[in-house]
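Engineer: Numbering (the working numbering), first residue to last: 2 to 76.
1) Cα separation between residue 60 and residue 67?
2) Where residue 48 and residue 35 are concerned, what is the direct C-alpha to C-alpha distance, given to the nearest angstrom?
3) What whole-angstrom Cβ distance do residue 14 and residue 25 have, given they're in contact under 8 Å?
4) Anyone know if the C-beta pair for residue 22 and residue 70 falls short of 7 Å?
5) Would the beta-carbon of residue 45 fall within 7 Å of that of residue 11?
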């Protein structure tokens, strides 16, 4: 697992040996979700709207880095 970004009480992480479409996780103390890297669509799980907004603000300009990291860990 690689933590890509940390928010105030949440983080964006990419896991190795993960399945499905390339995705990242947004995790906090009371929530966890998976988001597709290519489309930024929520795949599964829950996340507060404000956290999703903040996470996607970081993910947008870092989409290539997220994909590269996912491929390195799951290639």
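C-beta: ideal position from N, C-alpha, C; glycine also.
Structural biologist: In this structure, then:
1) Put simply, the backbone Cα of residue 60 is about 8 Å away from that of residue 67.
2) Rounded to the nearest angstrom, the two C-alpha atoms are 9 Å apart.
3) With 8 Å as the limit, residue 14 and residue 25 qualify as a contact, their Cβ atoms being about 7 Å apart.
4) Cβ atoms of residue 22 and residue 70: not closer than 7 Å.
5) Cβ distance not < 7 Å, so residue 45 and residue 11 don't count as in contact.
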